[in-house]
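Enquirer: I have a structure here, written as structure tokens, and I will follow up with some questions on it.
Numbering (this note's numbering), first residue to last: 11 to 313.
Put into structure tokens, the structure is as follows:
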């Protein structure tokens, strides 16, 4: 994906890393032949001899089995399960797994496969999009946020990884509460993505009073579910302020879900609003707005 390619490019030019990339389609083939081009915030060209790469359309080279120290999964949410299987093939007993894909359920799936002591809760606020295969526009200079849940690696245990991310210009931040970290990003996604997608508008249009009010209501439905799950979120006023800030910072962007719909791709609604609805049902909580948005997006993409 776009974020994965950005992270790969920044890691590839670090002399302290040996990088292996796995991808699919024309984009990955372009990376294998011509390398990676980054434009936007920073201009960067990475030659293909600076990393190893395998393509999903071709059998993975077993020479890389069991050699990865850290594995980043940066795919669309629907591909995470498949990539966790590949991660098992590439990992050894001390490999750390970091899933940066959007949505809920990935952390639990990774923990089930590898154990909590090897899984790193993380999100990223870097913004990237692709205008052609092999070329990534770095549109927003954010951070790689890494947190901790019960029995996951400590900051001290991840000090070498932090140093590498820092040296590579990826701006790592430590967040003590990993569950809050994951849910805070999910709440933003469930509020912004489906409404921008259904209306076909750029993010900034969601600041119109009526639309922003709807975004807030969707987010607060999700926040109630998170709190029932035991997540210690910020108070509602702070959540609303964060939502407004993110929309302002991304006001000219077409959200990823809208791009998926326009390009005939599967959306991540099943790991966002649909997951919120499913979790709410366990507590007997009705989340009508999230349920409606889920159905509308699913209907939009069913033809």
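Beta carbons: idealized from backbone N, C-alpha and C, even for Gly.
From a predicted model like this one, the values you see are computed outputs, not experimental measurements.
From residue 264 to residue 214, what does the alpha carbon distance come to, in whole angstroms?
Expert: Each residue's Cα considered, the two are about 9 Å apart.
Enquirer: Who pairs with residue 108 in a beta bridge, going by DSSP?
Expert: Beta-bridge pairing links residue 108 to 82 and 130.
Enquirer: Taking the alpha-carbon positions, what's the residue 56 to residue 220 distance?
Expert: Approximately 45 Å, taken between the alpha carbons.
Enquirer: Assign residue 33 to one of three DSSP states: helix, strand, or coil.
Expert: Correct three-state label for residue 33: strand.
Enquirer: Buried or exposed: where does residue 198 fall if 16 or more other Cβ atoms within 10 Å of its Cβ makes it buried?
Expert: With 16 or more Cβ atoms within 10 Å of its Cβ, residue 198 is classed as buried.
Enquirer: To the nearest whole angstrom, what separates the beta carbons of residue 162 and residue 188, a pair I think is in contact under 8 Å?
Expert: Their Cβ separation, rounded to whole angstroms, is 6 Å, which keeps residue 162 and residue 188 in contact under 8 Å.
Enquirer: Where residue 299 and residue 227 are concerned, what is the direct C-alpha to C-alpha distance, given to the nearest angstrom?
Expert: One C-alpha to the other measures close to 8 Å.
Enquirer: Who are the Cβ neighbours of residue 32 in its own chain at under 6 Å, not counting the five residues just before and after it?
Expert: Cβ neighbours of residue 32 beyond the five flanking positions: 64.
Enquirer: If you draw a straight line from the C-alpha of residue 6 to the C-alpha of residue 44, how long is it?
Expert: For residue 6 there is no data in the structure shown, the boundaries of the chain being 11 and 313.
Enquirer: Jot down the residue ranges of each uninterrupted beta strand (DSSP E) in the region 123-194, minimum 3 residues, whole runs only, in chain order.
Expert: Counting whole runs of 3 or more residues, the region 123-194 contains the beta strand (DSSP E) stretches 129-134, 137-142, 145-150, 154-157 and 182-185.
Enquirer: For the region 288-313, which segments carrying the alpha helix (DSSP H) assignment without a break, of at least 4 residues, lie completely within its bounds, in sequence order?
Expert: As far as the region 288-313 is concerned, its whole alpha helix (DSSP H) runs of at least 4 residues are 298-310.
Enquirer: Assuming residue 50 is part of the beta strand (DSSP E), what are its boundary residues?
Expert: Start and end: 46-50.
Enquirer: Compare the beta carbon distance of residue 203 and residue 282 with 8 Å and say whether it is the shorter of the two.
Expert: Cβ distance < 8 Å, so residue 203 and residue 282 count as in contact.
Enquirer: Is the beta carbon of residue 46 within less than 7 Å of some heavy atom of the ligand SAH?
Expert: No copy of the ligand SAH appears in this structure; indeed no ligand is present at all.
Enquirer: Residue 56 by DSSP, collapsed to three states: which one?
Expert: Here residue 56 sits in strand by DSSP.
Enquirer: Considering only DSSP beta bridges, list what residue 62 is partnered with.
Expert: DSSP output for residue 62 lists 30 as bridge partner(s).
Enquirer: Using the three-state DSSP reduction, which class does residue 72 fall into: helix, strand or coil?
Expert: The answer is helix: DSSP assigns residue 72 an H, G or I state.
Enquirer: What distance in whole Å lies between the Cβ atoms of residue 107 and residue 81, which are believed to be in contact at a cut-off of 8 Å?
Expert: Between residue 107 and residue 81 the Cβ distance is about 5 Å, and since that is below 8 Å, they are a contact.
Enquirer: Going by alpha carbons, who is nearest to residue 304 out of 294, 295, 287 and 296?
Expert: Comparing Cα-Cα distances from residue 304 to each of 294, 295, 287 and 296, the minimum goes to 287.
Enquirer: Sorted by chain position, which residues of the same chain lie with C-beta nearer than 8 Å to residue 172's C-beta, five sequence neighbours on each side aside?
Expert: Here the set comprises 156, 165, 182 and 184.
Enquirer: Check the C-beta distance from residue 85 over to residue 111 and give it rounded, since I have them as a contact under 8 Å.
Expert: Yes, they are in contact, since the Cβ atoms of residue 85 and residue 111 sit about 6 Å apart, within 8 Å.
Enquirer: Going by alpha carbons, who is nearest to residue 212 out of 174, 256, 234 and 193?
Expert: Out of 174, 256, 234 and 193, 256 has the C-alpha closest to the C-alpha of residue 212.
Enquirer: Output the distance between the C-alpha atoms of residue 37 and residue 247, rounded to the nearest integer angstrom.
Expert: Rounded to whole angstroms, residue 37 to residue 247 spans 41 Å at the Cα level.
Enquirer: Please report the distance separating the alpha-carbon of residue 312 from that of residue 174.
Expert: Whole-angstrom Cα-Cα distance: 43 Å.
Enquirer: Applying the 10 Å Cβ sphere with the 16-neighbour rule, what's the burial state of residue 314?
Expert: Within the shown structure, residues of the chain are numbered from 11 to 313, placing residue 314 beyond reach of any answer.
Enquirer: Rounded to whole angstroms, what is the Cα-Cα separation between residue 153 and residue 301?
Expert: Distance between the alpha carbons of residue 153 and residue 301 is about 31 Å.
Enquirer: In angstroms with no decimal places, state the Cα-to-Cα distance between residue 262 and residue 192.
Expert: C-alpha separation (whole angstroms): 24 Å.
Enquirer: I want to see whether chain B comes within less than 8 Å of residue 164, judged by CB atoms only; does it?
Expert: Among the chains of the structure shown, chain B does not appear; only one protein chain is present.
Enquirer: What did DSSP end up calling residue 95 once you bin it into helix, strand or coil?
Expert: Residue 95 falls in the helix class under three-state DSSP.
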